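Here's the structure, in structure tokens; my notes come after.
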């Protein structure tokens, strides 16, 4: 069905003006609607992103990367962030392709509408002006006709009354006036006819030509506006449809993450994480105190002395080995001497002297200061004195199973570092070859310091790898011993059945697993189950002989000779390589070891320290204890 506003709505100019104005208002409202929706999408995306960041772990924890439910939740948070990205993309498309385009089109539409209705008003004013001119000529023609008729009537009346000479003259004058009025009326008629023809022509042109053309343009403008609204709605739906596949994939990934949760695997992982590798404690044996009544006086007194010695041993067993304790408590407290200005490798007179004995506090005073603190603090201090920090480098504070896993993880990391250093070394060697072949590209000698640094780093990493492999082999041997005893069905003397009447010395001297704990809380194996009678002093010494020396945290090279003449210091010659046991605590002295036997303090300014990469964090954390 054809529809033409020019023919159908030729007399609805004002209504068309109102309708088109309302259409532009609707377009502006729709643009505002899309803009607000884009703002809502941006706000939603921001809130979703903040929610994901809020519940995402701040730092990568080993526990959260171990269990499937933690991994599934992390994957869900990641997909939630992807959803936020898609919402941001949707908002950007709405603002860019719809809001901006509609805003620009609205301005163009307003200008076009103003132009069309300006042409319509001008045509309307022209037809109204022609109508007014027609009305004016019509009224003038009517007035002239009436005046000519009155003049003719007056002239005819005078002709009937024409008797005297004067009356004749008046009649002649009236006749002339009537003729003038008739001529004026005739001219007015001609003007009226002309105006009428002109108006009819203008009116025909107005309603048959101008109005249809103008109204058709307005109609086309309105149809384009409606089509633009439809296109904007389609673009909005299409923009959201584009993100739906990605949103669907994110939801599918969330479903897959939920399906990947395996409760049985997580429970097995808990066993892998917290399994200690120790056997459960055996039955508590019966201790026959009546046996002392039947012993001889000498044997009873000897056992009493042994019991008293064991009581003292239990009081002192948290301490470190006696010679180590003396070394720790008698460490230099005064700042070391400055390095010599012109050191001589062989001259003893030029070597600095160690601090005088008066510069150190008495051992008894330091012991009293240590023992006046609380038991918990005292134990932590003793552990830090023994190990050099809160956790030893060989992970001996962990149970065997956990220690093995920790060492395996460290070995893997060290191998990765070694691989990176080797790749860097190979790259430097290739670059040096290129520089040697083409000197204009660079100086080959400038790479030597870096190559030497990489070489030292490789040596340090390989040494650290060998040390960790030794620790791992020791742990594996202990675990194999434990598994062998577990398979044989025995757990030492504690696994044997006891009766209330058994009063042997082996039953009295058997120890539970709790009594075999080391001073830092770790377990130590007690393979000797036989009871040997020793003196109290030898038993006290044997308790400390089982402890291992402090692990090395790096190496050092002496820059100057040093003659340690006092207790707690170690002499060295220039260029000697030593193992670093404890880093400088701020007093200017570093604890070193020579050949796993001699140990003491040397001035930090007299050596160059090369700390292991894994020991740096360990030393820094030990300073906080």
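In my numbering, the protein residues as written are -6 to 618. Built from N, CA and C at the ideal position, the CB exists for glycine as well. Just so we're clear, the structure is a prediction, and the values are computed from it rather than from any experiment.
So, is residue 19 buried or exposed, given that buried needs 16 or more other C-beta atoms within 10 angstroms? Per the 10 Å Cβ criterion, exposed.
Could you tell me which residues DSSP puts in a beta bridge with residue 550? DSSP output for residue 550 lists 570, 601 as bridge partner(s).
Distance check for residue 431 and residue 83, CA to CA, integer angstroms please. Their backbone Cα atoms lie some 55 Å apart in a straight line.
Is the separation between the beta-carbon of residue 444 and that of residue 421 shorter than 8 Å? Contact annotation: residue 444 and residue 421 have beta-carbon atoms nearer than 8 Å.
What alpha helix (DSSP H) runs, 4 residues minimum, are completely inside the segment 162 to 205? DSSP runs (the alpha helix (DSSP H)) wholly in the segment 162 to 205: none.
Among residues of its own chain, excluding the 5 on either side of residue 455, which ones have a beta-carbon nearer than 8 Å to its beta-carbon? For residue 455, the CB contacts under 8 Å within the same chain, skipping 5 residues up- and downstream, are 411 in chain order.
Can you find a C-beta in chain C that's less than 8 Å from the C-beta of residue 183? The displayed structure is made up of one protein chain only, and chain C is not part of it.
Specify whether the segment 42 to 53 and the segment 97 to 112 touch according to this definition: at least 3 beta carbon pairs, one from each stretch, less than 8 Å apart. Short answer: they don't touch.
Beta strand (DSSP E) containing residue 592: first to last residue? Per DSSP, residue 592 belongs to the beta strand (DSSP E) from 591 to 596.
Return the bridge partner residues of residue 565 from the DSSP annotation. Under the DSSP definition of a beta bridge, residue 565 partners with 555.
What would DSSP say about residue 277, mapped onto helix, strand or coil? Note: residue 277 maps to coil in three-state DSSP.
Closer than 8 Å is the cut-off here; do at least three beta carbon pairs connect the segment 108 to 124 with the segment 66 to 74? The segment 108 to 124, when compared against the segment 66 to 74, does not touch it at the 8 Å Cβ threshold.
Where residue 587 falls: helix, strand or coil (DSSP): Residue state, collapsed to three classes: strand.
Beta-bridge partners of residue 582, as assigned by DSSP: DSSP lists 596 as partners of residue 582.
Name the two residues that bound the continuous alpha helix (DSSP H) containing residue 23. Annotation for residue 23: the continuous alpha helix (DSSP H) segment containing it runs 6 to 48.
Any chance the segment 137 to 153 sits against the segment 164 to 184, with 3 or more Cβ pairs inside 8 Å? Taking 8 Å as the limit for Cβ pairs, the verdict is that the segment 164 to 184 does touch the segment 137 to 153.
Are there 16 or more other CB atoms within 10 angstroms of the CB of residue 449, so buried, or fewer, so exposed? The residue in question, residue 449, is exposed, as its Cβ has fewer than 16 Cβ neighbours within 10 Å.
Residue 163 to residue 5 span [Cα, whole Å]: Looking at the two C-alpha atoms, the distance is approximately 60 Å.
Other residues of its chain near residue 396: CB distance less than 6 Å, five sequence neighbours each side excluded: The residues are 388, 468.
Tell whether a beta-carbon distance below 8 Å holds between residue 464 and residue 400. Yes; because the gap between Cβ atoms is below 8 Å, this pair is in contact.
With contact counted as at least three CB pairs below 8 Å, one residue from each stretch, are the segment 218 to 229 and the segment 35 to 43 in contact? Not touching, per the Cβ criterion.
Rounded to a whole number of angstroms, what is the C-alpha to C-alpha distance between residue 589 and residue 574? When rounded, the separation of the alpha-carbon atoms in residue 589 and residue 574 is 10 Å.
Neighbourhood of residue 88 by C-beta distance below 6 Å, restricted to the same chain and skipping five residues each side: Closer than 6 Å at Cβ, skipping near neighbours: 31.
Take residue 197 as the anchor and find which of 117, 424, 33, 406 has the nearest alpha-carbon. Here the closest residue by C-alpha is 117.
Using 8 Å as the cut-off, can you tell me whether the segment 543 to 563 makes contact with the segment 581 to 595, which would need three or more C-beta pairs spanning the two stretches below that distance? Output reads yes: the segment 581 to 595 touches the segment 543 to 563.
Sort 34, 21, 51, 461 by Cα distance to residue 86 and report the nearest one. The shortest C-alpha separation from residue 86 is found at 34.
Please report how far the alpha carbon of residue 602 lies from the alpha carbon of residue 572, in whole angstroms. Here the alpha carbon of residue 602 sits roughly 9 Å from the alpha carbon of residue 572.
How many angstroms separate the CA atom of residue 114 from the CA atom of residue 177? Per the coordinates, the alpha-carbon of residue 114 lies some 36 Å from the alpha-carbon of residue 177.
Put residue 0 into one of helix, strand or coil per three-state DSSP. In the three-state scheme derived from DSSP, where H, G and I count as helix and E and B as strand, residue 0 is classed as helix.
Thinking C-beta only, is residue 262 closer than 8 Å to residue 60? When the beta-carbon positions are compared, residue 60 and residue 262 come within less than 8 Å of each other.
With H, G and I counted as helix, E and B as strand and the rest as coil, what does DSSP make of residue 576? When DSSP states are grouped into helix, strand and coil, residue 576 belongs to the coil group.
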